[in-house]
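Residue numbers (this note's numbering), protein chains in the order written: chain A, 14 to 106; chain B, 4 to 258; chain C, 97 to 284.
Comments concern the structure below.
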Amino acid sequence: MSILAQAAATAAEGLQKADYQAINGATNAGLAYGLAAIGPGIGIGYLVGQSVQAMARQPEAAGMVRTTMFLGIAFTEALALIGFVVFILLKFV
Amino acid sequence: MILGLEFPPIQNLVEWPNWFGPEGSWYGFNKIAFINVVALVVTSLLFFIAGRSKSLVPKGAQNLVESSVDFIREGIVLETMGPEGIKYLPYLVSLFFFILITNIFEVIPFFHMPANARMAGPAVLALFTWAFYIAVGLKHQGPKYFINAVAPSGVPKALLPLVIPIEFLSTFIVRPFSLAVRLFANMLAGHILLVTFSVLCITLFTASLLAIVLPLSFAMLVGLTGFEIMVAFLQAYIFTILAAVYIGSSLHAEH
Amino acid sequence: MLALVRVLAEAAATDVQGATEEAAKNPILPTINEMFWAAVVFLLLWALMKYVLLPPITKVLAARADAIRGDLQAAEAAEAQRSTRLADYEAGLAGARAEAVGIIEQARSEGDAERRVQISAADAEVAALRSEAAAEIAAAKARARTELTSSIADIAVGAAEAVVQRPIDRAAQTALVEDYVRRSGSQN
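Structure below.
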């Protein structure tokens with residue numbers, strides 16, 4: 014990432030130290046959130062798909078499956094949300 | 004930047020000046036505190052109106068409140084804790100309504116700010132829930148609660164040095180932290196998303212050729228508003244059901 | 097995650113030192129005044145919910161659940177009563193039907209016997225009538241035959257006398273005629 018930052022820096026003359034930090038922060042933030050979203054994306058997709066299958070196979074258990082599905086989504090989603098918080102930290106702090 | 008797109012700094016989006024009380028003081032009353040108070044007043048009014056009419060066929064506020072309470076009792080308490088969890092219903096109902104109403108201010112005109120996009124509200128609620136389930140565990144299992152919580156029965160003794168720190172971390176540190184961060188980050192993300200599309204709409208409201216993108220941007224804004232209403236409800240539900248699950252796990256030693 | 101933990105730890109440290117200016121700049125850290133108000137409002141809401149707001153709602157819900165349960169039980173009782181009444185009715189109906197079938201059977205057998213008696217009586221009557229008629233016919237036939245015999249004999253004798261101009265032995269002619277009549281009668 015520092016290579017990108019340097020390239021950007023050579024492209025624009027007269028950058029200050031704070032600008033370097035901002036550039037680094039922005040690129041890292043984008044990368045961090047993008048990476049953090051991969052796992053939970055796959056996880057939630059798999060989870061909901063399996064839940065739909067379970068509900069289709071046993072419609073009488075749909076209520077229980079739905080509750081558990083929301084719990085699972087909540088736990089899986091937490092990782093993506095921590096990635097989002099890291100994004101905010103890197104980008105804005 | 005091509006358009007002269009000016010995205011406001013995030014401090015301007017989420018931090019509000021005090022209405023009274025000096026900045027940084029412990030009692031400074033700002034928009035977030037006002038939204039919390041409004042949530043209290045609205046919830047109290049709804050329940051007050053619903054409690055006064057005792058008609059057999061509910062409608063209006065009575066229907067709303069009764070179906071919500073019934074939903075929390077049937078869908079959350081009985082599903083996760085069983086009949087012995089009914090006595091924690093007031094706490095869970097307060098959690099649900101408080102979070103729901105403070106969230107829904109994300110899309111209410113002239114407010115457009117979810118109170119839970121500030122860490123304070125979620126942190127307080129998560130701390131209360133943390134204290135609540137520890138208290139329930141102590142009440143139901145005595146001091147053995149801490150042993151039961153960190154060392155589940157059935158784990159081989161050799162693994163205990165590994166299991167105890169992990170269980171301690173996950174039960175007493177990660178639970179409240181993830182509760183708070185989940186709610187906070189969801190609402191902050193939704194808020195930033197709505198702000199992004201609003202800023203985009205305002206910027207595109209020009210005479211240039213780019214204005215043809217404006218309808219798409221506006222449609223996205225409208226769609227996201229609906230989505231955020233759903234998220235507000237879903238986050239209230241998830242916070243409540245997780246609190247119920249944690250309280251339920253404190254009722255009995257894990258097997 | 098580590099960065100987050102570090103920032104949180106730093107913020108906590110600065111909070112402890114009382115240097116809130118730096119922490120207030122961080123958009124994701126809780127501020128003390130908002131935490132205070134959230135705590136106050138939520139505790140108030142919880143207390144209100146527990147002692148004032150929720151009990152009437154749960155009471156109404158419980159009353160409604162009781163009413164529904166009572167109604168269901170009443171409906172079940174009515175259903176049971178209905179089904180026993182239906183069973184009674186059906187039992188009565190089956191008895192009546194059996195009785196009716198018995199009556200019909202009895203009537204049919206009685207009718208059959210009666211008819212058989214009637215038919216045999218009628219048959220006997222018919223047979224009596226027929227034998228009487230046959231006897232009458234036989235008598236009439238015999239009478240007619242004797243009348244016919246005598247008249248034919250007379251006519252034949254008279255005609256023969258007229259032809260031969262002398263008396264004819266009546267007895268012999270009568271025997272002849274009788275023989276003819278018998279033959280012609282047997283041809284009839």
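Glycine residues also receive a C-beta, built at the ideal position from the N, C-alpha and C atoms.
Owing to the predicted nature of the structure, the values given are computational and were not obtained by experimental measurement.
Put simply, the CB of LEU60/A is far from chain B, with every gap to its CB atoms at 8 Å or more. Apart from the 5 residues on each side of it in sequence, PHE23/B sits with its Cβ closer than 8 Å to the Cβ of GLY31, PHE32 in its chain, given in chain order.
Non-local beta-carbon contacts of ILE111/B in its own chain, meaning distances under 6 Å to residues more than five positions away in sequence, are absent. Close to ARG178/B, with beta-carbon spacing below 7 Å, lies no residue of chain C; the smallest spacing is near 16 Å. Taking a beta-carbon distance threshold of 8 Å, ASN129/C does not count as an interface residue toward chain A. By the CB criterion at 8 Å, PHE200/B and MET223/B fall inside the cutoff. The C-alpha of TYR59/A lies about 12 Å from the C-alpha of ILE51/A. With distances taken between CA atoms, PHE242/B lies nearest to LEU103/B out of GLU170/B, LEU165/B, LEU172/B, LEU103/B. Annotation: Cβ neighbours of PHE105/A in chain C (cutoff 8 Å, chain order): PRO123. Contact annotation: in the stretch 78-101 of chain A, residues whose CB is within less than 7 Å of a CB in chain C are ILE95, VAL98, VAL99, ILE101. Within the stretch 197-224 of chain C, no residue places its CB atom closer than 7 Å to a CB of chain B. Closest option to PHE50/B, judged by alpha-carbon separation, among ALA135/C, PRO152/C, GLN202/C, VAL273/C: PRO152/C. Measuring C-alpha to C-alpha distances from TYR240/B to each of ASP32/A, GLN29/A, THR80/A identifies THR80/A as the nearest. With contact defined as three or more Cβ pairs closer than 8 Å, the stretch 95-104 of chain A and the stretch 40-50 of chain A are in contact. Take THR245/C, set aside five residues on each side of it, and the residues of its chain with a beta-carbon closer than 7 Å to its own are VAL273, GLU274, VAL277, in chain order.
For LEU189/C, no CB of chain B lies under 8 Å from its own CB, so it is not counted at the interface with that chain.
For GLY78/B, the neighbours in chain A by C-beta distance under 8 Å run, in chain order, GLY76, THR80. Residue burial is scored here from C-beta neighbours: PHE113/B has fewer than 16 other C-beta atoms within 10 angstroms and is therefore classed as exposed.
Taking a contact to require three or more Cβ pairs closer than 8 Å, the stretch 127-136 of chain B and the stretch 181-192 of chain B qualify as touching. Between VAL17/B and ARG121/B, the C-beta spacing is below 8 Å.
For ALA267/C and SER216/C, the gap between their C-alpha atoms comes out near 52 Å. For GLN29/A, there is no enclosing alpha helix (DSSP H), since its DSSP letter is neither H nor E. For VAL166/B, same chain residues with a beta-carbon under 6 Å away, outside a window of 5 residues either side, are VAL158 in chain order. Around ASN39/B, the beta-carbon contacts reaching into chain C at under 7 Å are TRP133, ALA134, VAL137. Burial state of TRP133/C is buried, judged by a 10 Å Cβ sphere holding 16 or more other Cβ atoms.
Beyond the five residues adjoining it in sequence on each side, ALA126/B comes within less than 6 Å, by CB distance, of ALA183 in the same chain, given in chain order. Take PHE97/A, set aside five residues on each side of it, and the residues of its chain with a beta-carbon closer than 8 Å to its own are TYR46, ALA49, in chain order.
Listed by position along chain C, the residues whose Cβ is nearer than 7 Å to that of MET122/B are ILE124, LEU125, PRO126. Remark: C-beta atoms of PHE83/A and ILE244/B approach each other more closely than 8 Å. Counting other Cβ atoms within 10 Å of its Cβ, ILE251/C stays below 16 and is therefore classed as exposed.
A Cβ-Cβ contact shorter than 8 Å links VAL96/B with MET145/C.
Under the three-state reduction of DSSP, PHE32/B is assigned to strand. Counting of Cβ neighbours within 10 angstroms places TYR147/C among the exposed residues, the total staying below 16.
With a threshold of 16 other beta carbon atoms within 10 Å, SER252/B meets it and is buried. Scanning its chain for C-beta atoms nearer than 7 Å, with the 5 sequence neighbours on each side dropped, one finds around SER56/B the residues GLN65, in chain order. Against chain A, the CB of ARG55/B has no partner CB under 8 Å away; the residue lies outside that interface.
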